[in-house]
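Taken in order, these protein sequences are the chains called A and B. By the count of the numbering used here, the first sequence reaches residue 455 at its end, each step adding exactly one. By the count of the numbering used here, the second sequence reaches residue 1421 at its end, each step adding exactly one. Beta carbons: idealized from backbone N, C-alpha and C, even for Gly. As the structure is a prediction and not an experimental result, all values here were calculated from the model.
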Amino acid sequence: MEKTPVTRGIFDGLRVVELALYAAVPTTARVLASMGAEVIVIQSNTAIDESWLPPPWGSGLIIRNRLVTKKSASLNVRKPGAHKILKELICISDIFMTNLGIETLKSWGLDFPSLRKMKKDLIILWQNAFGATGPYSAYRAYGMLTQYSSGVAQMSGTPDMPASTDPPYSDLHTAMFGALAVVSALDRRRRTGKGTVIECALNDTGVVTAGPAILNYQANGVLPVRMENRDPYAAPHGAYPCLGYDRWCLIAVSSDTEWLMFCSVIGNPPWTKRLEFATLTDRLRNVDELDRLVAEWTINRDATEVMVMMQAAGVPAGIVAQGQDLAQSEHLRSRGYYKDTKYIVPEFGKPGSEWAESGPIMCISEPIHFSETPIRFHAMPRIGQDNDYVFGELLGLSRDRMAALAQEGVLE
Amino acid sequence: MPKKKEERLGFLPSYRILDLADEKAVYCGKLLGDLGADVIKVEPPCGDRMRSRGPFYNNEIHPEKSLYFLYYNTSKGSVTLNLEHSDGRAIFKRLAEKADVLLESFPVGYLSSIGLDYSVLRELNPKLVMTSITPFGQTGPLRNYKSSDLIAMGMSGFMQVTGDPYGLPVRFGDEQSHFAPSQYAAVAIVAALYYRDAISGRGQYIDISMQETLNVYCSENTQEAGWHLLKENIIRQGPTSKYNFPGGLYSCKDGWIGIYVVRAKEWDALAQWMVEVTGNEELLEDKYKGGVLARYEYRDLLEALLLDFTGRFTAQELFHEGQKRGIAVLPVNSVADLLVDPQLAARDFWVELDHPVVGAMKYPREGIYCDDMPPPRKAAPLLGEDNKRVYSGELGYNDNDLEVLRTAGVI
């Protein structure tokens, strides 16, 4: 695709105030930042987000994904003096995103009706676990748990036990529903001049991902069966063991042509001609034996080699990619997916402004490639790194006033 | 925007979206349609491949009864058009001239091979936003690799962190790879439309790689950084977190229960509850207090005590009492549980949509609540149900023309 030399970001000139913990809201805000919006994260040295801690071998690593391309202002929201400043900042912004409790926000005078009264076209994104209404509205959840409540774990894994996935499951789905809602609200505001309040809840977004099983139960009374990596309409289909520790290739044969090419790649051994593997229904019926025979062929081969051989013959195949495969992927590098950056290493007991910078580290970029508009990326800020800009330049506080507020612990 | 577009009720205006996507990108058009866009599925005259995919309503094999098709195509319209026929391609160009968005997921280079690539369509309609969702993107050494849900989950790093560390890596959910790429594509599309109408007056091309979007969805596991810094491959943790205690799935009287503690006060509440039930006051000791990572070195001992505790209750007992005490405790639900879930019911999460062949069923809303946004409004389309509206109403073909096109195998 030819590129025109336009460097204007899609949302250049728009400002987002982010006041949130954990993964979902920060990920939403990051999408907007990458498209040019100025995202100001409200942080505090007095209440460190738990997300600074893990993983134990690299504190600060996880949170870097959520903070890159943003600005940081420090404000201790437990001090009443902070609430007026925050309100003023929201009033000169376009979008306010938070996952704090409604009651807490209200007690600070930051409830949504008041904010909207002060700034009519404000777009507000509020995220929580179960939503603002209903009998479980006060219930707690974390993204990792919604894989269970949403019905998705129940249909994954072995017949004995639902599988668990380590990523904070619906945090990410919620983040992208939030992003879609906010971007659509900006488009609506452009046409109508109206702001709005958007709510995204972890539990709801998890349920959306339960998929057609929802209809199958209503129509046929059938619940999903856990079948590991098998597929009701394809065989062989699964992860097969390869050379090396915990190395797996993936093969997914569904069409007739793919089956014939698969047989040819493995050298047409006599078993491929057996009647019990003649058609897809036969292969599905005898899938245990089929999988055993396929694994016998893969187990002494390199996973990537299997993938390359299969793909060269038009058979859908891959590997279970590990950190090494991703970090060294020529493909992902060539697309500019990984960026080189640095992160801030937390040192508890010291103010965030004094925390040290890490050595070079790779970081994911936004997985969107526009032909005309840029995707922005810059290293994560230290806590309060942009205080002078936010409180001085944007809000017009004098040096003396800022010093006094710092003294009172408001800008802490 | 022309004024007539404001008349329809919807959060998004009725942007015309031509949807050529197959299974891997089918959710994108649904998302945009559910938000108000005028999505037209362009199907081959014999119908989209998804229509022949099970499961089926009442187990009756029928092109209007695929539950897979019904789930992923709400709020869309349908026209039939044979892109392998030169008349079909000519008609497609006329549709593209008037469209806001073209969404496709063909193998890289296919549209170019039939003369319908972005450089051609942009000449016809400079305002067009075109989006491709493909397994590995439009560029790079793997761009022509074939894929599937399984392969997308594996190649993105997602499978490596799903399942038991001593067993197989497993894929997750029912085609989980549908969601991330379509969500990113939908955001990018609306953003590009915003930019077109607010600033540039022109459309643009958007390249979405399933591998990249799914990698973002497991990026919290920092697999690439694990290799970069430690020269180690992060591996799946099984049902419970390696770093966080409690964190994950624990057995209870009648199955499993999910418990996840992040904050110090959540641990305090759980420890207090366990003491009340088991009488073991050791749990209150200071060395166990704190948030994430705090109980890292005592994990094995505490897990044994937790399992003794959870084993005394059913999942529902643990869920409600735990939540009452301010602890994030969640049950493992099945889709049957969800359809009668009191929280989802109270939030009008399920939307009943009527379909002329299978009748009314409950469909989920998208994961967005907003007073200004109506819920999804229409069940999946019948094959070619919009042929008349689009071909006669918009392109001016009369009944005789339509008959000719049908006989020639174009529509």
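Inset, instruction - Could you tell me the boundaries of the beta strand (DSSP E) in which Leu1363(B) lies? - result: 1360 to 1363
Inset, instruction - Please go through the same chain and pick out, in chain order, the residues whose beta-carbon is closer than 6 Å to the beta-carbon of Ala76(A), but skip the five residues on each side of it. - result: Counting only Cβ-Cβ distances below 6 Å, and skipping sequence neighbours, we find Val82, Thr112, Lys113.
Legend entry - Residue span of the alpha helix (DSSP H) that contains Asn343(A), given as start and end: Per DSSP, Asn343(A) belongs to no alpha helix (DSSP H) and is neither H nor E.
Inset, instruction - Spell out the partners DSSP gives Thr239(A) in its beta bridges. - result: Ile166(A).
Legend entry - Three-way DSSP call (helix, strand, coil) for Pro1352(B) in this model: The answer is helix: DSSP assigns Pro1352(B) an H, G or I state.
Legend entry - Per-residue DSSP class, three states only, for Val1272(B): Reduced to three states, the DSSP call for Val1272(B) is coil.
Legend entry - Asn1254(B) to Val1197(B) span [Cα, whole Å]: 33 Å
Legend entry - Contact set for Ala314(A): own chain, Cβ-Cβ below 8 Å, skip 5 residues either direction: Checking the displayed sequence, the identity of residue 314(A) turns out to be Trp instead of Ala. These residues qualify, in order along the chain: Phe320, Leu336.
Legend entry - Cβ pair Ile1027(B), Leu1042(B) closer than 8 Å: yes
Inset, instruction - Confirm, please, whether the CB-CB distance from Ser136(A) to Arg231(A) is below 8 Å. - result: Between Arg231(A) and Ser136(A), the gap from beta carbon to beta carbon reaches 8 Å or more.
Legend entry - Three-state secondary structure assigned by DSSP to Asp1029(B): strand
Legend entry - Min CB distance Trp398(A) to chain B below 8 Å: no
Inset, instruction - Pick helix, strand or coil for Arg326(A), following the three-state DSSP scheme. - result: Here Arg326(A) sits in helix by DSSP.
Inset, instruction - For chain B, find out if any of its Cβ atoms is closer than 8 Å to the Cβ of Pro97(A); answer yes or no. - result: With respect to chain B, the C-beta atom of Pro97(A) has a partner C-beta closer than 8 Å.
Inset, instruction - Reducing DSSP to helix, strand and coil, say where Glu1185(B) ends up. - result: coil
Legend entry - Residues of the stretch 1086 to 1113 of chain B with Cβ closer than 9 Å to any Cβ of chain A, in chain order: none
Inset, instruction - Kindly confirm or deny that the stretch 1020 to 1034 of chain B and the stretch 1104 to 1117 of chain B touch, where touching means at least three C-beta pairs closer than 8 Å. - result: yes
Inset, instruction - Return the residues of the stretch 323 to 355 of chain A that lie within a Cβ-Cβ distance of less than 7 Å from chain B, sorted by chain order. - result: Gln354
Inset, instruction - Have a look at the DSSP bridge pairing and note the partners of Asp1048(B). - result: Arg1026(B)
Legend entry - Limits of the alpha helix (DSSP H) - the one that Val84(A) falls within: Val84(A) -> not in any alpha helix (DSSP H); beta strand (DSSP E) instead, spanning 81 to 86.
Legend entry - Within 8 Å, strictly: CB atoms of Gly1173(B) and Gly101(A): no
Legend entry - the stretch 1141 to 1149 of chain B / the stretch 1213 to 1226 of chain B touching (three or more Cβ pairs under 8 Å): yes
Legend entry - Contact set between Gly1257(B) and chain A, taken where Cβ atoms lie within less than 8 Å: Met187
Inset, instruction - From the DSSP output, read off the bridge partner residues of Glu1114(B). - result: Answer by DSSP bridge pairing, in chain order: Leu1030(B), Ser1142(B).
Inset, instruction - Report back the beta-carbon spacing between Glu1185(B) and Leu1392(B) to the nearest angstrom; my notes put them in contact at under 8 Å. - result: That belief does not hold up - the Cβ atoms of Glu1185(B) and Leu1392(B) are roughly 24 Å apart, past 8 Å.
Legend entry - Residue from Glu301(A), Leu293(A), Pro99(A) whose Cα sits closest to the Cα of Asp1159(B): Leu293(A)
Inset, instruction - Excluding the 5 residues preceding and the 5 following Ile1124(B) in the sequence, name in chain order all residues of the same chain whose CB lies nearer than 8 Å to its CB. - result: Leu1093, Glu1094, Arg1099
Legend entry - Neighbouring residues, chain B, relative to His280(A) (Cβ below 9 Å): Those within 9 Å of His280(A) in chain B are Ser1158, Leu1160.
Legend entry - Partner residues on chain B for Val226(A), Cβ-Cβ distance less than 8 Å: What Val226(A) touches in chain B: Val1197, Val1200, Ala1201, Tyr1204.
Legend entry - Against chain B: residues of the stretch 259 to 277 of chain A by CB proximity under 8 Å: Those residues of the stretch 259 to 277 of chain A that come within reach of chain B (Cβ to Cβ, closer than 8 Å) are Asn259, Tyr260, Gln261, Ala262, Asn263, Val265, Leu266, Pro267, Glu271, Asn272, Asp274, Pro275, Tyr276, Ala277.
Legend entry - Cα-Cα separation, Ala1281(B) to Leu1294(B): One Cα belongs to Ala1281(B), the other to Leu1294(B), and the distance between them is close to 6 Å.
Inset, instruction - Kindly say whether Arg58(A), judged by its beta-carbon, lies nearer than 8 Å to any beta-carbon of chain C. - result: Looking at the structure shown, chain C is missing, and the protein chains on hand are A and B.
Inset, instruction - Indicate whether Gly301(A) and Pro1151(B) have their beta-carbon atoms separated by less than 8 Å. - result: For clarity, residue 301(A) is Glu in the given sequence; the question names Gly instead. Going by C-beta atoms, Glu301(A) is not nearer than 8 Å to Pro1151(B).
Legend entry - Uninterrupted beta strand (DSSP E) stretches inside the stretch 268 to 340 of chain A (no shorter than 3 residues): If one requires a minimum length of 3 residues, the beta strand (DSSP E) runs lying completely within the stretch 268 to 340 of chain A are 280 to 284, 291 to 295, in chain order.
Legend entry - Residue from Gly1406(B), Leu1022(B), Pro1385(B) with nearest C-alpha to Arg233(A): Leu1022(B)
Legend entry - Where Gln367(A) meets chain B, residues with beta-carbon distance less than 7 Å: Trp1237, Asn1243
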